[in-house]
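K.L.:
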Amino acid sequence: MDRVQGEMASMQTEAAQREGEMVRMQRDLASRDAEVARLAAVVRRLEEQLQGMGITPVTGADPSGLGQPSSSPPRCRHRRKILFFKYFFLFS
Numbered sequence: 035m036d037r038v039q040g041e042m043a044s045m046q047t048e049a050a051q052r053e054g055e056m057v058r059m060q061r062d063l064a065s066r067d068a069e070v071a072r073l074a075a076v077v078r079r080l081e082e083q084l085q086g087m088g089i090t091p092v093t094g095a096d097p098s099g100l101g102q103p104s105s106s107p108p109r110c111r112h113r114r115k116i117l118f119f120k121y122f123f124l125f126s
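Just so it is clear: in the sequence shown, position 42 is 76 by our numbering, and no numbers are missing.
1) Can you tell me the Cα-Cα spacing of Arg78 and Gln60, whole angstroms?
2) Specify, as a first and last residue, the run of the alpha helix (DSSP H) that Met45 falls within.
3) Measuring only the C-alpha atoms, how far is Ser44 from Asp67?
Next up, the structure:
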């Protein structure tokens, strides 16, 4: 009988530990959800500011950073040259 009571006490202790872990994880998840919501609001404000300056914002952006531009940006013929020289001098 003592063995059974010992096992029961051990199981109750383990259950209490698991419950504490679950509470901590739920708190962490709620904190992360709040941070995601805050960052999404920041992205929306920045997109509104860009649009106010006449710059096409990214639409459908989500926290992963994925999204498609509303329209393709104008092509810069010299962009490749600029990037080449920028990185050439940066790493040489």
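Every residue gets a Cβ at the ideal spot worked out from N, C-alpha and C, and that includes glycine. Predicted model, so just to flag it, every value in this text is computed and none were measured.
P.N.:
Walking through what the data contain:
1) 27 Å
2) 36–86
3) Each residue's CA atom was taken as its position, placing Ser44 and Asp67 some 35 Å apart.
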